[in-house]
């Protein structure tokens with residue numbers, strides 16, 4: 001096996017991660033310099049396994065800080081490239097609502113270990129299942145506070161010309177502090193000028209990757225798409241949180257999935273309205289997310305910049321977005337403490353269920 005892996009202008013070895021093949025900016029160099037070093041962690045129990053990796057809990061020997069370590073087998077070239085891309089994305093990203101990177105190194109078995117922050121309340125997918133099983137509804141105020149944090153992260157990605165491409169409940173994590181964060185950037189994509197359409201400046205992609213039951217109609221049809229596809233996925237997550245079920249769960253194949261997906265907006269909204277316990281503002285937000293035509297679909301930046309009364313009513317009517325983000329975190333933390341204090345996600349981390357590949 002190689003003693004060092006290279007890719008995305010970084011190199012990973014048993015000594016840790018370093019910049020390679022280009023100059024990194026100051027913030028990236030600071031992250032690299034302060035990363036958790038090999039040997040500083042006590043590796044503990046396995047939290048989850050997937051086709052690509054194993055997720056383990058770890059504790060820092062000196063500080064007692066708890067982390068998650070994702071251990072990747074690097075024999076497969078495509079998986080290796082995907083991992084290096086994810087690590088580079090995490091190095092470049094600086095956002096409160098995206099899971100933090102703390103280090104990358106190769107262990108004695110030549111596996112690459114990625115050290116991430118520990119999110120002790122598991123994923124939104126796990127939480128929705130727990131609430132459905134125990135008949136604990138997610139209040140609209142809490143849903144607003146969670147959605148605001150997710151949209152904050154998507155807005156950041158949009159500003160950086162990034163698409164996540166696999167937004168789903170399993171890739172949205174929570175902790176007891178009330179923070180809701182996006183994770184798993186292995187198939188993310190940065191849009192550059194080579195992605196520009198000939199008829200305008202809107203940058204788009206065409207590669208089909210991700211989880212198909214969360215894909216927007218244009219992605220399922222193999223058409224070009226942009227970051228609004230991530231907003232469609234958010235709409236599906238909101239429907240799951242409201243109803244307890246995925247709106248496309250009964251689809252048996254891609255043909256049924258696409259047919260149901262293109263009809264999803266009207267049918268899904270009718271189901272929510274029939275329940276009689278959701279506000280018109282929430283229904284409106286979901287309709288913006290699940291607009292079939294991506295040209296008219298909501299965008300994260302527009303939602304954050306605009307006056308969305310649903311967020312104002314449930315979180316706080318303030319023009320200070322940072323203050324509103326802090327309020328949203330507090331709302332989620334209070335609800336978790338009061339009503340689901342007995343719940344910890346089955347993995348309490350980003351345990352992978354498989355690998356998506358291009």
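Residue numbers (full-length UniProt numbering): 1 to 358.
Ideal Cβ placement from N, Cα and C applies to all residues, glycine included.
Between residue 181 and residue 153, the C-beta gap is smaller than 8 Å, which places the two residues in contact. Under the 10 Å beta carbon count, residue 223 is surrounded by fewer than 16 other beta carbons and is classified as exposed.
Beta-bridge analysis with DSSP links residue 50 to no other residue. The alpha-carbon of residue 212 is positioned some 43 Å away from that of residue 62. Ranked by Cα distance from residue 313, the options 141, 237, 233 are led by 141. Here residue 86 is buried: its Cβ has 16 or more other Cβ atoms, across all protein chains shown, within 10 Å. Our two residues, residue 165 and residue 294, have alpha carbons roughly 15 Å apart in a direct line. When rounded, the separation of the alpha-carbon atoms in residue 258 and residue 238 is 19 Å. In the same chain as residue 286, and ignoring 5 residues on each side of it, the C-beta atoms closer than 6 Å to its own belong to 235, 238, in chain order.
The Cβ-Cβ distance between residue 299 and residue 231 falls below 8 Å.
Here residue 72 is actually not in contact with residue 15; their C-beta atoms are around 17 Å apart, not less than 8 Å. Counting along the chain, residue 32 sits inside the alpha helix (DSSP H) bounded by residues 26-33. For residue 180, the uninterrupted beta strand (DSSP E) segment begins and ends at 180-182. In this structure residue 343 is in contact with residue 130, their Cβ atoms being roughly 5 Å apart against a cut-off of 8 Å. Here the C-alpha atom of residue 143 lies approximately 16 Å from the C-alpha atom of residue 177. If you draw a straight line from the Cα of residue 119 to the Cα of residue 49, it is about 17 Å long. A direct Cα-Cα distance of roughly 39 Å separates residue 297 from residue 57. Within the DSSP bridge table, the entry for residue 103 names 115 as partners. Excluding its 5 nearest sequence neighbours in each direction, residue 336 has C-beta neighbours in its own chain below 7 Å: 121, 176, 178, listed in chain order.
Beyond the five residues adjoining it in sequence on each side, residue 330 comes within less than 7 Å, by CB distance, of 178 in the same chain, given in chain order. For the 8 Å CB-CB criterion, residue 173 and residue 99 form a contact.
In terms of Cβ geometry, residue 101 and residue 90 form a close pair [threshold 8 Å].
In terms of CA proximity to residue 133, 243 leads the group 328, 145, 243.
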